[in-house]
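Heads up: the structure comes next, in structure tokens.
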Amino acid sequence: MSYNFPNERRRVERRIAPSAAYAGPERRLAERRATEVKLVRKPEPMHRGVLWSAVLMVLVVADSVFLEGAYRHIVVSWFSDTAAAVRNWSEHVWDWGH
Numbered sequence: 000m001s002y003n004f005p006n007e008r009r010r011v012e013r014r015i016a017p018s019a020a021y022a023g024p025e026r027r028l029a030e031r032r033a034t035e036v037k038l039v040r041k042p043e044p045m046h047r048g049v050l051w052s053a054v055l056m057v058l059v060v061a062d063s064v065f066l067e068g069a070y071r072h073i074v075v076s077w078f079s080d081t082a083a084a085v086r087n088w089s090e091h092v093w094d095w096g097h
């Protein structure tokens, strides 16, 4: 029994998909740049010393603006009291008071 189509495939099925025209160097380069894997180094985190100095600076500014230097006064008085205690101890050890 014969079919409506001949033995070979139909012309539409036989036809090969036309290949795209030459894209040109510019388009090919743009396509390659868009699809290539980028070798990007991960951004390094900020140095801890820089971060701590920024935090300390913010605290000092906030203390001087809002608290009128209360914490700065506490820290400076602690250092001066420690220096006075060391001086008194040194005086006592060397007996420089006489």
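Residues in the sequence shown are numbered from 0 upward in steps of one, following numbering that gives the first Met the number 0. Positions of the beta carbon are idealized from the N, C-alpha and C atoms, including for glycine. Computed from a predicted structure; not experimentally measured.
Exercise. In angstroms with no decimal places, state the Cα-to-Cα distance between Pro44 and Leu50.
Key: 10 Å
Quiz item: Between which two residues does the alpha helix (DSSP H) harbouring Glu35 extend?
Solution: Where Glu35 is concerned, there is no enclosing alpha helix (DSSP H), given that its DSSP letter is neither H nor E.
Quiz item: If you check the beta carbons only, do Arg71 and Asp62 fall under 8 Å apart?
Solution: yes
Quiz item: Whose C-beta lies closer than 8 Å to the C-beta of Ala69 among residues of the same chain, with five residues either side of it excluded?
Solution: Within the same chain, Ala69 has close Cβ partners Asp62.
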